[in-house]
Amino acid sequence: MKPRVAIFCSGRGSNMEALIKAAGSANYPAEIALVISNKVDAPALEFARGHGVRAQAVESKPFGRDREAHERAIDAVLAAENIQIICLAGYMRLLTPFLVEKWRDKMLNIHPSLLPAFPGLDTHARALAAGNRLHGCTVHLVTEIMDDGPILAQAAVPVLPGDTEAELAARVLAQEHLIYPAALAAFASGRPVWASASAALQNPLP
Ligand code: GAR
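Okay, so the sequence shown: first residue is 2 according to my numbering, each after it adds one.
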């Protein structure tokens with residue numbers, strides 16, 4: 002049985018789309034079973050439903066400032082759907098220790114920088130301002146520290162002369178759409194994410 006995955010997203014949902022498309026292939030080792038958003042009008046929900054994935058908004062408003070109560074409501078949906086892995090994909094809410102602890106080592110996140118550089122917001126503008134020549138994205142396990150935790154996969158892109166923030170963001174996003182499905186596949190099948198890459202290095206082509 003493939004592990005059942007829930008994707009959490011708040012907005013555009015392009016990483017969610019990449020994960021759903023990748024998981025559409027029969028030999029992908031995880032099933033995207035659920036998409037959760039904290040926003041009823043998130044475009045991501047429509048895309049998921051159109052691809053046969055159950056999608057549900059769990060709004061935070063009714064819970065006021067009680068973030069844990071909101072997460073307990075989400076957690077009840079996860080339990081009802083028998084979810085085993087969570088992928089955060091542009092889920093723009095800080096998690097409380099309740100959800101982080103409950104899903105420790107079972108919750109992945111994607112972040113648009115080469116962590117540990119630039120946790121938080123505005124990563125592309127900050128990479129440009131710092132004069133970095135390399136930038137990128139990271140898939141990692143979620144811990145109680147925001148945009149932190151064991152790194153599962155990273156992809157680097159060059160920062161080109163004259164890059165705007167939007168150009169750099171687009172270059173990074175294209176890589177996000179590759180490494181997130183690859184990292185989830187490796188994680189779900191219990192192998193180290195870059196095992197195949199290191200095997201290839203040990204057995205160079207003739
Ligand atoms: C992505 O770039 C993702 O890396 C970022 O939000 C964007 C969501 O786009 N996540 C974070 O910044 C988390 N700290 P998407 O909704 O099109 O996938």
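Backbone N, C-alpha and C define an ideal beta-carbon position, used for all residues, glycine too.
- Annotation: Asn-39 to Ala-23 spans about 24 Å, alpha carbon to alpha carbon.
- Residue pairing for Val-160: DSSP places it in no beta bridge.
- Look at Glu-72 here: in three-state DSSP terms it is helix.
- Cα atoms of Ala-90 and Asn-110: separation of roughly 6 Å, rounded to the nearest angstrom.
- Distance from the Cα of Tyr-92 is smallest, within the candidate group Leu-129, Leu-115, Glu-72 and Met-2, for Glu-72.
- Only residues of its own chain outside the window of five on either side were considered, and among them Arg-68 and Met-147 have a CB closer than 8 Å to the CB of Leu-95, listed in chain order.
- Residue range 5-10 is occupied by the beta strand (DSSP E) that includes Ala-7.
- Using a Cβ-Cβ distance cut-off of 8 Å, the stretch 127-134 and the stretch 148-156 are not in contact, since fewer than three pairs of beta carbons, one from each stretch, lie closer than that value.
- Note that the stretch 117-125 does not touch the stretch 74-90; fewer than 3 beta-carbon pairs, one per stretch, sit closer than 8 Å.
- For His-136, the enclosing beta strand (DSSP E) has its first and last residue at 135-142.
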